[in-house]
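A.B. asks: One structure, as structure tokens, below. Some questions next.
Protein chains in written order, with this note's numbering: chain F, 127 to 511; chain X, 127 to 511.
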């Protein structure tokens, strides 16, 4: 019996199961006789025959699954080599798969592109996008990003209020290995010129601890508090991640060669540097870590809707050929489109230069982008202090 | 002209301004001719004449202020000595203050008790409770705690889903210097026996890194993942905070003698210990830090309502005498009462023994307590993995 196979790869998001459910619903609608199979833990499940039959999933289960954050099918960071690809292709053939929909980031798209190149069968390979890093090429923004950005924006308004109440210096280390979108989204709810974040450091601009301390000094003297958003992937002039430099080579890499940044080490070094330079100030560094990326309490409605639609579009596309679903913005509306896999696979989208003002601030254009994506900022009171 | 003076002390909460607004509204209602004054940055504002007139605050400003997290009047950690107290008392007399309402934790209650003892005038001293630590004596629970607990409960459901999708070990370091309520609240939304958190470490039970690693080993082997909630104030057998032991004496104390725990140092040590013991496992330590304590995105409605009522009750009480407002639970409803300041001042409420099962788990009774306080757990789907 012909089938559609769906899997999830890489890190989770708050809405990755919306995409899964969108794909299930659209595949069902297209051909009610199809078997819809989910592979547990990404391509690994395919190679092991570890599959779950999603064909008869009830409406109420679909609804509950859709609003549950993090990969419902499980995930993997396996990076298939040619032999691994052959095993996957054989598994897909055995399942009479008409399409393989893989929900993930640029590594996931890379896996699909490899499969497509090696495939001699008729199965299509469709990438459905997700990542909190927002770093997929050809996308205006990526499903999963808005919810994570909303988490971060809420955190920065909160910390601004906290440090108005008792002055000091606060640094939040935010996920983002190569792209600074999530750290910069902290600026999306800025209104007054003195609203946090006062400084933003991303992987796109070289970072030095010395310059950072000078920047903090300037803001702290002027505003009386200093709230900083820092990507865990900030790099020195030579392009080496600071966390890697600080860990003095004792870093780990995953199967895709990505350095495993914990952010925690970076945070400790930043905390030490602040303590030394500002011994009398209240200085605190928090590593937001995994919290923003699949937080049950902050799931954005637009994000959920777009993620569902991207999944549905991926399933529809699977009946005509391979490709990568991207979110296109026409100046008014966001809608899914399809591009070739190699336009997305293994490539990283960085924050455009126009989103920056200098090395430590987001431009008006950048802020406008994040404001367009984020839900409206809650109407709060400006404190008496 | 007679006045009521209100101030906020200590760390912020998500609903501390609800209490402020409750006090304003009730004071106004009691005597519309009263001046209602806010002292900026706690008692410090009184000594400096740094006051804001709240008498004519509009309804819409009150509504917006109430729903804004973190101290709107600013805060302080100043611990007045007898001379400092005299300056405060003179300031209150000059303002013709009939009552001084100070919103804060046990240190704040301590300041008020000192003022009451030294006062020769007719001003009453009323403590309105707030703390995310939930550690005030005589209270069933404390305004500010539920919102922080909801933040933590959401985090643990999310991390459980994350680590179902990709197995590993996760530790969240949660605020809590002497009392483990906030860390233990992570268990409030547990349903199935294998739901996170799998291990909970609080200051109430002695902690050793060796035992912790053995506990993790047991859970990780059995469940395939291990999610841990750890108070930043965990202590060794001798009662020394682990963060203090690890920092080898290089700790700082605030004016109240409280050790300044960042959680970050503890997190790094825990991360190192996990890496050594479980070199092949995905292991991550995040320090939630300041996030749960005044997060704009997670403000619990019950918490907001109770905080407002506590403030209103404090203002009403101020017209009859000094005391500390506490939240009483009669088995069905929570309502404010007043007790004497010395019942709360400078004392710490710990988690009762009945809330524990062994050294690393919350009992059914403990879980029931947290479940009663928390909003209903979102109805999510149990993943396929």
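Glycine included, each C-beta is placed from N, C-alpha and C at the ideal position.
Within 10 angstroms of the Cβ of residue 127 (chain X), are there 16 or more other Cβ atoms? Answer buried if so, exposed if not.
C.D. replies: Residue 127 (chain X) is exposed by the Cβ-count criterion.
A.B. asks: Would you please verify whether the beta carbon of residue 178 (chain F) is less than 8 Å from any beta carbon of chain X?
C.D. replies: Yes, because at least one Cβ of chain X sits closer than 8 Å to the Cβ of residue 178 (chain F).
A.B. asks: Beta-carbon of residue 413 (chain X) versus every beta-carbon of chain F: anything under 8 Å?
C.D. replies: Closer than 8 Å: yes.
A.B. asks: Which two residues bound the contiguous alpha helix (DSSP H) that contains residue 285 (chain F)?
C.D. replies: Here the alpha helix (DSSP H) through residue 285 (chain F) covers 271-291.
A.B. asks: By DSSP, does residue 223 (chain X) sit in helix, in strand, or in coil?
C.D. replies: Three-state DSSP puts residue 223 (chain X) in a strand.
A.B. asks: Keeping to the same chain, check which residues put their C-beta closer than 8 Å to that of residue 375 (chain X); ignore five residues upstream and five downstream.
C.D. replies: Residue placement at residue 375 (chain X) is poorly supported in this model, since its pLDDT is 48, which falls under 50; the coordinates still yield a value, given next. Here the set comprises nothing.
A.B. asks: Would you call residue 341 (chain X) buried or exposed, if buried means 16 or more other Cβ atoms sit within 10 Å of its Cβ?
C.D. replies: Answer is buried; the Cβ neighbour count reaches 16.
A.B. asks: Relative to the C-alpha of residue 310 (chain F), which residue among F:358, F:345 and F:156 is closest?
C.D. replies: With distances taken between Cα atoms, residue 310 (chain F) lies closest to F:358.
A.B. asks: Quick one, which of F:178, F:169 and F:226 has its alpha-carbon nearest residue 209 (chain F)'s?
C.D. replies: It is F:169 whose Cα lies nearest to the Cα of residue 209 (chain F).
A.B. asks: Is it buried or exposed for residue 432 (chain X), if we count other Cβ within 10 angstroms and need 16 for buried?
C.D. replies: Under this definition residue 432 (chain X) is a buried residue.
A.B. asks: Please compile the residues from chain F whose C-beta is within a distance smaller than 7 Å of the C-beta of residue 260 (chain X).
C.D. replies: None at all; the shortest Cβ gap to chain F is about 19 Å.
A.B. asks: Would you say residue 139 (chain F) lies against chain X (beta-carbon separation less than 8 Å)?
C.D. replies: No, no contact with chain X.
A.B. asks: Using only the alpha-carbon positions, how far apart do residue 322 (chain F) and residue 195 (chain X) sit?
C.D. replies: Rounded to whole angstroms, residue 322 (chain F) to residue 195 (chain X) spans 15 Å at the Cα level.
A.B. asks: Can you name the residues of chain X whose CB is closer than 8 Å to the CB of residue 510 (chain F)?
C.D. replies: Simply 164, 166, 178, 198, 199 and 200.
A.B. asks: How long is the line joining the alpha carbons of residue 353 (chain F) and residue 435 (chain X), rounded to whole angstroms?
C.D. replies: Spanning the two alpha carbons is a distance of roughly 33 Å.
A.B. asks: Does the Cβ-Cβ distance between residue 206 (chain F) and residue 237 (chain F) come in under 8 Å?
C.D. replies: In contact: residue 206 (chain F) and residue 237 (chain F) (Cβ atoms closer than 8 Å).
A.B. asks: Mind pulling the chain F residues with CB within less than 7 Å of residue 255 (chain X)?
C.D. replies: Result: empty, since nearest Cβ-Cβ is about 17 Å, beyond 7 Å.
A.B. asks: With burial defined as no fewer than 16 other Cβ atoms inside 10 Å of the residue's Cβ, what is the status of residue 203 (chain F): buried or exposed?
C.D. replies: Buried: at least 16 other Cβ atoms inside 10 Å.
A.B. asks: Indicate whether at least one CB of chain X lies closer than 8 Å to the CB of residue 228 (chain F).
C.D. replies: Cβ-Cβ to chain X under 8 Å: no for residue 228 (chain F).
A.B. asks: With distances taken Cα to Cα, identify the nearest neighbour of residue 416 (chain X) among F:166, F:420, F:229 and F:286.
C.D. replies: Nearest of F:166, F:420, F:229 and F:286 to residue 416 (chain X), Cα basis: F:286.
A.B. asks: Is it right to say residue 450 (chain X) is buried, meaning 16 or more other beta carbons lie within 10 angstroms of its own, or is it exposed?
C.D. replies: Looking at its Cβ environment, which holds 16 or more other Cβ atoms inside 10 Å, residue 450 (chain X) is buried.
A.B. asks: Quick one: what's got a C-beta closer than 8 Å to residue 491 (chain F)'s C-beta in the same chain, skipping five residues either side?
C.D. replies: So the list reads 480 and 481, once near-sequence residues are dropped.
A.B. asks: Output needed in chain order: residues of the segment 294-305 of chain X with a Cβ under 7 Å from some Cβ in chain F.
C.D. replies: Cβ contacts with chain F: none found.
A.B. asks: Taking CB distances under 8 Å as the criterion, tell me whether residue 280 (chain X) reaches chain F.
C.D. replies: Closer than 8 Å to some Cβ of chain F, the Cβ of residue 280 (chain X) qualifies, so yes.
A.B. asks: Which one of F:316, F:249, F:255 and F:291 has the shortest CA to CA distance from residue 280 (chain F)?
C.D. replies: For residue 280 (chain F), the nearest C-alpha among the options comes from F:316.
A.B. asks: Among F:299, F:469 and F:403, which residue has its Cα nearest to the Cα of residue 391 (chain F)?
C.D. replies: Comparing Cα-Cα distances from residue 391 (chain F) to each of F:299, F:469 and F:403, the minimum goes to F:299.
A.B. asks: At a CB-CB cut-off below 8 Å, which residues of chain F make contact with residue 277 (chain X)?
C.D. replies: Going along chain F in sequence order, the residues near residue 277 (chain X) (Cβ under 8 Å) are 423.
A.B. asks: Compare the C-beta of residue 407 (chain F) against all C-beta atoms of chain X and say whether one is closer than 8 Å.
C.D. replies: No - not a single Cβ of chain X is within 8 Å of the one on residue 407 (chain F).
A.B. asks: Taking residue 369 (chain X) as part of the alpha helix (DSSP H), name the residues at either end of that continuous run.
C.D. replies: Segment 368-372, the alpha helix (DSSP H) holding residue 369 (chain X).
A.B. asks: Please identify the residue among F:319, F:151 and F:192 whose C-alpha is closest to the C-alpha of residue 348 (chain F).
C.D. replies: The residue with the shortest Cα to Cα distance from residue 348 (chain F) is F:319.
A.B. asks: Any idea what DSSP makes of residue 467 (chain X), helix, strand or coil?
C.D. replies: Helix.
A.B. asks: Starting from residue 449 (chain F), trace the beta strand (DSSP E) both ways and give me its first and last residue.
C.D. replies: Residues 449-455.
A.B. asks: Does the Cβ-Cβ distance between residue 360 (chain F) and residue 327 (chain F) come in under 8 Å?
C.D. replies: Closer than 8 Å, so yes.
A.B. asks: Can you tell me the Cα-Cα spacing of residue 183 (chain X) and residue 510 (chain F), whole angstroms?
C.D. replies: Between residue 183 (chain X) and residue 510 (chain F), the C-alpha separation is close to 12 Å.
A.B. asks: Exposed or buried, which one is residue 248 (chain F) when buried takes at least 16 other CB atoms within 10 Å?
C.D. replies: Classification for residue 248 (chain F): exposed.
A.B. asks: For a quick check, are the C-beta atoms of residue 129 (chain F) and residue 221 (chain F) less than 8 Å apart?
C.D. replies: Yes. Within cutoff.
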